[in-house]
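**Student:** Numbering (mature numbering (1 follows the signal peptide of the UniProt record, and there is no 0)), first residue to last: -16 to -1, 1 to 67. We put the CB at the ideal spot given by N, CA and C, even for glycine. What follows is a structure written as structure tokens; I'll ask about it next.
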């Protein structure tokens, strides 16, 4: 029974952490990609090879409160910051 209670507490902690602290998002950024074209001779023939490097960034949402004209209406805005 004690193991079951500890398990439930662990599940509640994981759920609260995921709600209170949103996870970061990994997105692809093609403007930072790199590509190299290499040429060489193999058995007297020309051979070309491309080496590509894909770039990724993480976006972390910052939750902030914006002051609304009506003080009884809370407004939440999400601001994404690049790491």
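Bridge partners of residue -6, per DSSP?
**Tutor:** Along the chain shown, one-based indexing puts residue -6 at 11. For residue -6, which the question treats as bridged, DSSP gives no partner whatsoever.
**Student:** To the nearest angstrom, how far is the alpha carbon of residue 30 from that of residue 23?
**Tutor:** What you label residue 30 is simply residue 46 of the chain shown in a count that begins at 1. What you label residue 23 is simply residue 39 of the chain shown in a count that begins at 1. Answer to the nearest angstrom: the Cα atoms are 7 angstroms apart.
**Student:** In chain order, what residues of the same chain lie with their CB nearer than 6 angstroms to the CB of residue 68, ignoring the 5 residues before and after it?
**Tutor:** Examination of residue 68 is not possible in this model, given that the chain is present from -16 through 67 alone.
**Student:** Is residue -1 helix, strand or coil by DSSP?
**Tutor:** In the chain shown, the residue the question calls residue -1 occupies position 16. Residue -1 falls in the helix class under three-state DSSP.
**Student:** Can you tell which of -7, -8 and 36 has the C-alpha that lies nearest to the C-alpha of residue 20?
**Tutor:** In the chain shown, residue 20 corresponds to position 36, counting from 1. Here the closest residue by C-alpha is 36.
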